[in-house]
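Below is one structure; the comments refer to it alone.
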Amino acid sequence: MRQEYAVIIKGLAIAFFISCGTVSAETPRLVLQITIDGLRADLLDRYAENFGTGGFNYLLRHGVVYTNAHYLHANTETIVGHTTLATGATPAVHGMIGNVWYHAESGELGYNIEDSDAPLIPTRETTAEGAQVDPAQKRARSSGRSPKGILVPTFSDTLKIATAGKAKIFGISGKDRSAVAMAGQSGTAYWYSTNNGDFQSSQYYMERYPDWVRNWNERRIAQRLSGKAWELSLDVGQYLLGDQDDRPYEVDLEGYGKTFPHPFGAAEHPLFFTRVMVSPEGDRTLLDFGKALVEAEKIGQDKVTDYLSISFSGVDAVNHFFGPSSLENEEMVLQLDRTLADLFSFIDEQVGLNNTLIVLSADHGMGEMPEYSTELGYEAGRLYGDEVLALSRKISARLFGSSQLVKDFFRPYLYLDGTAIINKGLDRNSVATAIAEELQKKNGIGGAIAGHSLAQKTPIGVAAAVRHNHHPLRAGDVYVFQQPYWFMFERGAVAAMHGSPWRYDSHVPIIFAGSGIQPARVNRLVHPIDVAPTLSALLNITPPAAAQGKVLVEVLNQQARK
Ligand SMILES: [Zn+2]
Numbered sequence: 007m008r009q010e011y012a013v014i015i016k017g018l019a020i021a022f023f024i025s026c027g028t029v030s031a032e033t034p035r036l037v038l039q040i041t042i043d044g045l046r047a048d049l050l051d052r053y054a055e056n057f058g059t060g061g062f063n064y065l066l067r068h069g070v071v072y073t074n075a076h077y078l079h080a081n082t083e084t085i086v087g088h089t090t091l092a093t094g095a096t097p098a099v100h101g102m103i104g105n106v107w108y109h110a111e112s113g114e115l116g117y118n119i120e121d122s123d124a125p126l127i128p129t130r131e132t133t134a135e136g137a138q139v140d141p142a143q144k145r146a147r148s149s150g151r152s153p154k155g156i157l158v159p160t161f162s163d164t165l166k167i168a169t170a171g172k173a174k175i176f177g178i179s180g181k182d183r184s185a186v187a188m189a190g191q192s193g194t195a196y197w198y199s200t201n202n203g204d205f206q207s208s209q210y211y212m213e214r215y216p217d218w219v220r221n222w223n224e225r226r227i228a229q230r231l232s233g234k235a236w237e238l239s240l241d242v243g244q245y246l247l248g249d250q251d252d253r254p255y256e257v258d259l260e261g262y263g264k265t266f267p268h269p270f271g272a273a274e275h276p277l278f279f280t281r282v283m284v285s286p287e288g289d290r291t292l293l294d295f296g297k298a299l300v301e302a303e304k305i306g307q308d309k310v311t312d313y314l315s316i317s318f319s320g321v322d323a324v325n326h327f328f329g330p331s332s333l334e335n336e337e338m339v340l341q342l343d344r345t346l347a348d349l350f351s352f353i354d355e356q357v358g359l360n361n362t363l364i365v366l367s368a369d370h371g372m373g374e375m376p377e378y379s380t381e382l383g384y385e386a387g388r389l390y391g392d393e394v395l396a397l398s399r400k401i402s403a404r405l406f407g408s409s410q411l412v413k414d415f416f417r418p419y420l421y422l423d424g425t426a427i428i429n430k431g432l433d434r435n436s437v438a439t440a441i442a443e444e445l446q447k448k449n450g451i452g453g454a455i456a457g458h459s460l461a462q463k464t465p466i467g468v469a470a471a472v473r474h475n476h477h478p479l480r481a482g483d484v485y486v487f488q489q490p491y492w493f494m495f496e497r498g499a500v501a502a503m504h505g506s507p508w509r510y511d512s513h514v515p516i517i518f519a520g521s522g523i524q525p526a527r528v529n530r531l532v533h534p535i536d537v538a539p540t541l542s543a544l545l546n547i548t549p550p551a552a553a554q555g556k557v558l559v560e561v562l563n564q565q566a567r568k
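Start counting at 1 in the sequence shown, then tack on 6, and there's your number in this note's numbering.
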């Protein structure tokens, strides 16, 4: 009994000490969560020389900067990374295991946030269909979008609950999935349309657009770029990659070109609004919409902490067509630095940077184009989804007398046909293991792991990342990944790709700044699942229900004490 008291008193003493040690600054009026799609962490330092003072450097000089942050999951894709940042959980828990997976209910491959019960709300009476270049979006079977497929609450949901519904919650982005994941179930998401340059939403969030959205869309900001071009902002000699503009393996979006200047063409061209997104103008358009939102919705104007997520899609888009080591990428990041400076000075006027808690990260990194790494002496190649599928069927035919046991492949998962396997009198797990073993022999494939084997032993290395990706109701039978620097994705327009479990794809920046945080640079290994618990600790609210990450203690320790 006495011993128990002693333990309780000791516990109270520790609790008292801890709470005194982390007295927080005033509760921020706004949490501004910035996600840069595809910003591999090393790019910030690589281009820092040409940055101004008000953008990235505001964060790098005033924030706690984590230089060694890596995703724990294997499938480093947009929806997976965003939902991990939002929930503090891994995809094995939050369920967003890929941009595309096999939806068992419908028996088809489907898109992550598709929801036929939540149709898009048209922004104008007639709109021409733009050309769809995103291979993941092509798998959507309806244009409806909602967060219903996300299985656990986000930080934004948790903030809404903690404030008894008073917090205003918004997520905006160039991409639907990046806006929807961050807004959670209780917020409102808006995203850019590559059909007409408008910002749109779905019936999940509202029945009709508020006046300010209609008014903003009437301004036709993106359309004003008709006939204009993306040009370099500095002399070509001032860029690190100034001699990397013209490379044969870059992609020309039907006349957008491989070298500067890149002409947007006429607004009527089916790729016009996509090209805008593959330039700094897409991110600027998003910021313009964000400013209108902050003013109209009165974000950060009262004592209740509001939440605004802005996910910039331009760096990722440019990476896909020109590669991360291109002059286009360098110019893109440089222009984003200016866009962020604009954002921060606007937030300072409207809310005050001292009243704003900023966290910046990325949803994934980026692999180099295989031709580029081969040029530099590290040999790599390309492997397409249809080749992996054909090879798997060939293996199945050879081993089991039927190619029909393999249903489909969409990177990273191979899906088997359970009925065909039963009809053959075979065991599904054995078939998966046998095909995985054979697939690994193919040049370019780094490994193939049968999902059922993950539970049987403690995984190491990549297998641990594959396990973090494995949601039992959604994951395919075999996880296939490429050798380092190899490209493995759908055949099509995209020339460079992320999505591997390798460090260049898992390495992202994490920076916390504002609201009394003092600068520090931290190089210990941390993970994006730590972001949501850290935001929660800074706000003294409970973490999101399924959050697995740890509180980043440097952020709390570096917070100025009252
Ligand atoms: Zn991407």
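All C-beta atoms in this analysis are idealised placements derived from N, C-alpha and C, irrespective of residue type, glycine included. Computed from a predicted model, the values in this text were never measured in an experiment.
Check, Outcome
"Bridge partners - F295, DSSP secondary structure assignment", "None, per the DSSP bridge assignment."
"heavy atom of ligand 1 below 7 Å from G569 C-beta", "Residue 569 is absent from the model: the chain starts at 7 and stops at 568."
"Local conformation of R230 per DSSP, three classes", "helix"
"W197 (DSSP reduced to helix, strand or coil)", "strand"
"Cβ pair L277, L292 closer than 8 Å", "no"
"Close-in-space but distant-in-sequence residues of the same chain around G424 (CB under 7 Å, 5 per side omitted)", "R434"
"Contact under 8 Å by Cβ, S367 with A185", "no"
"Cβ-heavy atom distance, T84 to ligand 1, below 7 Å", "yes"
"Closer than 7 Å: H458 CB and nearest ligand 1 heavy atom", "no"
"Proximity test, G44 beta-carbon vs ligand 1 heavy atom, cut-off 7 Å", "yes"
"Separation of E496 from D392, as counted between CA atoms", "7 Å"
"Alpha carbon of H326 to alpha carbon of D511, nearest angstrom", "13 Å"
"Distance, T311 Cα to V532 Cα", "26 Å"
"Alpha-carbon to alpha-carbon, L445 and D483", "13 Å"
"Neighbour-count burial assignment, A142, 16 or more Cβ in a 10 Å radius", "buried"
"Alpha-carbon spacing of D369 relative to P539, whole angstroms", "17 Å"
"Run of the beta strand (DSSP E) containing W107, from where it starts to where it stops", "V106 to H109"
"Three-pair Cβ contact test at 8 Å for the segment 456-466 versus the segment 344-360", "no"
"Of the residues P330, L314 and G101, the one placed nearest G320, counting alpha carbons only", "P330"
"Own chain, CB closer than 8 Å to A54, minus 5 neighbours either side, in chain order", "F62, N63 and L66"
"Selected residue, minimal CA-CA separation from G155, among G94, A469, Y117 and E213", "Y117"
"Where the beta strand (DSSP E) containing A519 begins and where it ends", "H513 to A519"
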